[in-house]
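Under the numbering used here, the residue at position 23 of the sequence shown is numbered 1397, and the numbers go up by one with no gaps.
Notes for the one structure printed next.
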Amino acid sequence: MKTIIQNINKSFDHRIRLGIMSVLMVNESADFNMLKEMLGVTDGNLASHTKALETENYIMIEKQFIGKKPNTRYIATTEGKKAFREHIEALEKLIQKS
1375 MKTIIQNINK SFDHRIRLGI MSVLMVNESA DFNMLKEMLG VTDGNLASHT KALETENYIM
1435 IEKQFIGKKP NTRYIATTEG KKAFREHIEA LEKLIQKS
């Protein structure tokens, strides 16, 4: 039996993960400080949620140095973009059925 919430992806249940993916869908990449500022979250919260998305292969994390400063950059993977689009479509269908 198909349910109306079947295609809602649990990986995007949390508002921080939803925010991270939303930013990465409209930007080629975002660095740690950009995401932290845009989402208004702590270092620890952002780190744990980006790690969870990386584990699902929804984002890639690139670490580098700019000058002598470390820089962490996040990029949505093709798989992540597809999963997020499907999640948003499922939410839209859910809203339309209500």
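Note that beta-carbon positions come from the ideal geometry of N, C-alpha and C, so glycine has one too.
How about residue i and residue j: are their beta carbons less than 8 Å apart?
| i | j | result |
| --- | --- | --- |
| H1423 | I1462 | no |
| S1385 | E1428 | no |
| M1412 | V1397 | yes |
| I1390 | N1419 | yes |
Just verifying my parser: in three-state terms, what is the DSSP assignment at residue i?
| i | result |
| --- | --- |
| T1416 | coil |
| T1446 | strand |
| E1463 | helix |
To which residues of the same chain is residue i closer than 6 Å at the C-beta, ignoring the five residues directly before and after it?
| i | result |
| --- | --- |
| R1447 | S1403, D1405 and E1436 |
| A1464 | N1381 and I1382 |
For residue i, list the residues DSSP reports as bridge partners.
| i | result |
| --- | --- |
| D1405 | R1447 |
Enumerate in chain order the residues of its own chain whose CB-to-CB distance from residue i is below 8 Å, with the five nearest sequence positions on each side excluded.
| i | result |
| --- | --- |
| A1426 | S1385 and R1391 |
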